[in-house]
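If you're matching them up, the sequences are chains A and B in order.
Terminal number for the first sequence in this note's numbering: 256, no gaps in between.
Terminal number for the second sequence in this note's numbering: 270, no gaps in between.
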Amino acid sequence: MLEGKFEEASLLKKVVESIKDSVQLCNFVCSEHGITVQAVDDSRVLLVSLLIGNEVFSDYRCDRNITLGVDLKSFAKIIRCGGNDDYLTLIAEDSPDSVTLVFEDKNSDRISEYSLKLMEIDNEFLKIDDMDYDSVIKMPSIDFQKICRDLSTLSESLQILITKDSIKFMAEGETGNGSVILKPRTDIDKPEQSITVKLNNAVNSTFGLKYIADIVKGTSLSNQIVIKISNRTPALFEYKLQSGYLRFYLAPKFED
Amino acid sequence: TKKQQNIFSFFSKL
Chain A
1 MLEGKFEEAS LLKKVVESIK DSVQLCNFVC SEHGITVQAV DDSRVLLVSL LIGNEVFSDY
61 RCDRNITLGV DLKSFAKIIR CGGNDDYLTL IAEDSPDSVT LVFEDKNSDR ISEYSLKLME
121 IDNEFLKIDD MDYDSVIKMP SIDFQKICRD LSTLSESLQI LITKDSIKFM AEGETGNGSV
181 ILKPRTDIDK PEQSITVKLN NAVNSTFGLK YIADIVKGTS LSNQIVIKIS NRTPALFEYK
241 LQSGYLRFYL APKFED
Chain B
257 TKKQQNIFSF FSKL
């Protein structure tokens, strides 16, 4: 049986809102370690990988592995019914055909209970090895979101160039071009404002902005985004959770 | 021209 209680419903709300436009049907795999999701978008360009570690929950038990096949659009509708500050408990039997969501208002005795019918979802699971990337950058997630939104007004593609002392975002379109250059900086008082670059090799990679527009929906999950890039391989965009992560692997664009 | 690559070209299925 699964019973996982979030101190605040807002975390699961943010997670679902962050991925529901990238993938619609996905399996939430629950184990003693927490909940994981891996799913690929319909165009097979973007892979979503989520881990909500058991330490995120104020109470968590899952005796044996349970798979919840969820339609995220329906899940999002139900989850919006709860208040951000409510306790949220997910409950499912061992071989469930539904999952129950219980919202408890902390300021009153109100308890709201919803159940979502589950689906049999047959998805392919990809093996993702840890790899050494040419460059790893860390920057404020909100700045990355703004840069990508600004440059998406000009082009469908975002070019990212990384050297040891700068990160350059570029977009070239029919109506004009744009670029934003960032330099590494350490902010001791506000570490979340810092920008760091770790470089093994210079990077020049290009990505579809329509996918990046979906990725930056994770911005509210973390003050910082970690971007790991190697030339001619998928980039990893990561928002860290208190325990776990939301990762997006995005295939680049390049000449064959 | 640059072509959008497919994620399945980089990761193998389990």
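A virtual CB, placed ideally from N, CA and C, is assigned to each residue, including glycine.
Using only the alpha-carbon positions, how far apart do Cys30(A) and Lys106(A) sit? As a first step, residue 30(A) is located in the first sequence; it is residue number 30 there, counting from the start. As a first step, residue 106(A) is located in the first sequence; it is residue number 106 there, counting from the start. Roughly 26 Å separates the two Cα atoms.
Identify the continuous beta strand (DSSP E) that holds Phe103(A) and give its terminal residues. Taking the first residue of the first sequence as position 1, residue 103(A) is located at position 103. Phe103(A) -> beta strand (DSSP E) spans 98-104.
Okay, do the region 107-127 of chain A and the region 165-178 of chain A touch, 3+ Cβ pairs below 8 Å being the bar? no
For Leu161(A), list the residues DSSP reports as bridge partners. Locating residue 161(A) in the first sequence gives position 161, where the first residue counts as 1. Bridge partners of Leu161(A): Lys168(A), Asn204(A).
Give, in chain order, every residue of the region 37-55 of chain A whose Cβ lies closer than 9 Å to some Cβ of chain B. Val40, Asp41, Ser43, Arg44, Val45, Leu46, Leu47
Exposure of Lys73(A), with buried meaning 16 or more beta-carbon neighbours within 10 Å: Mapped onto the first sequence, residue 73(A) falls at position 73. Exposed is the call here.
With a cut-off of 8 Å on the beta carbons, I'd call Leu250(A) and Leu209(A) a contact; round off their distance for me. Here residue 250(A) corresponds to residue number 250 of the first sequence, with the count starting at 1. Here residue 209(A) corresponds to residue number 209 of the first sequence, with the count starting at 1. At roughly 11 Å, the Cβ-Cβ gap does not stay under 8 Å, so Leu250(A) and Leu209(A) are not in contact.
Measure from the C-beta of Glu255(A) to each C-beta in chain B and report whether the shortest distance is under 8 Å. The sequence position of residue 255(A) within the first sequence is 255, counting from 1. Chain B, which has a Cβ nearer than 8 Å to the Cβ of Glu255(A), makes this yes.
Let's test the definition: count the other Cβ atoms within 10 Å of the Cβ of Phe103(A) and tell me whether it reaches 16, buried, or not, exposed. Counting from one through the first sequence, the residue named residue 103(A) turns up at place 103. With 16 or more Cβ atoms within 10 Å of its Cβ, Phe103(A) is classed as buried.
Does the pairing of the region 120-134 of chain A with the region 81-91 of chain A give three or more beta-carbon distances under 8 Å? no
Since Lys168(A) meets chain E, which of its residues come closer than 7 Å, beta carbon to beta carbon? As a matter of chain content, chain E is missing from the structure shown, whose protein chains are A and B.
Against chain B, which members of the region 120-132 of chain A pass a CB distance test of less than 8 Å? Glu124, Phe125, Leu126, Lys127, Ile128
Using the beta-carbon count (16 or more within 10 Å), is Cys81(A) buried or exposed? For the purposes of this step, residue 81(A) is taken as the residue at position 81 of the first sequence. Looking at its Cβ environment, which holds fewer than 16 other Cβ atoms inside 10 Å, Cys81(A) is exposed.
So which residues on chain B does Thr266(A) lean against when the C-beta distance must stay under 9 Å? Residue numbering for chain A in the displayed model covers 1 to 256; residue 266(A) lies beyond these limits and cannot be assessed.
Assuming Asp59(A) is part of the beta strand (DSSP E), what are its boundary residues? Taking the first sequence and counting its residues from 1, the one referred to as residue 59(A) is at position 59. Segment 59-62, the beta strand (DSSP E) holding Asp59(A).
What would DSSP say about Ala213(A), mapped onto helix, strand or coil? What you label residue 213(A) is simply residue 213 of the first sequence in a count that begins at 1. Ala213(A): helix per DSSP, three-state reduction.
Hey, how far is the Cα of Ser268(B) from the Cα of Met1(A)? Locating residue 268(B) in the second sequence gives position 12, where the first residue counts as 1. Locating residue 1(A) in the first sequence gives position 1, where the first residue counts as 1. Those two C-alpha atoms are separated by around 32 Å.
So, do the region 202-217 of chain A and the region 138-156 of chain A have three or more beta carbon pairs nearer to each other than 8 Å? yes
Taking the continuous alpha helix (DSSP H) assigned at Arg149(A), which residues delimit it? Numbered from 1 along the first sequence, position 149 holds the residue referred to as residue 149(A). 141-151 is the extent of the alpha helix (DSSP H) around Arg149(A).
Does the region 175-194 of chain A come close enough to the region 228-239 of chain A to have 3 or more Cβ pairs within less than 8 Å? no
Have a look at Ile212(A), Asp256(A), Glu255(A), Asn223(A) and flag the residue whose alpha-carbon is nearest the alpha-carbon of Leu236(A). Walking along the first sequence from the start, residue 236(A) turns up at place 236. Comparing Cα-Cα distances from Leu236(A) to each of Ile212(A), Asp256(A), Glu255(A), Asn223(A), the minimum goes to Ile212(A).
Assuming Val48(A) contacts Ile19(A) under a Cβ cut-off of 8 Å, what Cβ separation, rounded to an integer in Å, is found between them? Position 48 of the first sequence, counted from the first residue, corresponds to residue 48(A). Position 19 of the first sequence, counted from the first residue, corresponds to residue 19(A). Yes, Val48(A) and Ile19(A) are in contact; Cβ-Cβ is about 5 Å, under 8 Å.
Give the DSSP-derived three-state secondary structure of Phe125(A) in the structure shown. As a working mapping, residue 125(A) is identified with position 125 in the first sequence. Three-state DSSP puts Phe125(A) in coil, outside helix and strand.
Where DSSP assigns a beta bridge to Arg247(A), which residues make up the other side? Along the first sequence, one-based indexing puts residue 247(A) at 247. Beta-bridge pairing links Arg247(A) to Ser49(A), Glu238(A).
From the DSSP output, in three-state form, read off Thr219(A) for me. Here residue 219(A) refers to the residue found at position 219 when the first sequence is read from its first residue. Here Thr219(A) sits in helix by DSSP.
Leu221(A) versus Lys13(A), Asp256(A), Gly83(A), Gly4(A), residue with shortest Cα-Cα distance: As a working mapping, residue 221(A) is identified with position 221 in the first sequence. Cα-wise, what sits closest to Leu221(A) is Lys13(A).
Leaving out five residues before and five after Val203(A) in sequence, what residues of the same chain have Cβ atoms less than 8 Å from its Cβ? Taking the first residue of the first sequence as position 1, residue 203(A) is located at position 203. The answer, listed in chain order, is Asp134, Ser135, Ile160, Leu161, Ile162, Ile229, Ser230, Asn231.
Just to confirm, is the Cβ distance from Leu246(A) to Val99(A) under 8 Å? Looking up residue 246(A) in the first sequence gives position 246. Looking up residue 99(A) in the first sequence gives position 99. Against a cut-off of 8 Å, the Cβ pair of Val99(A) and Leu246(A) comes out as no contact.
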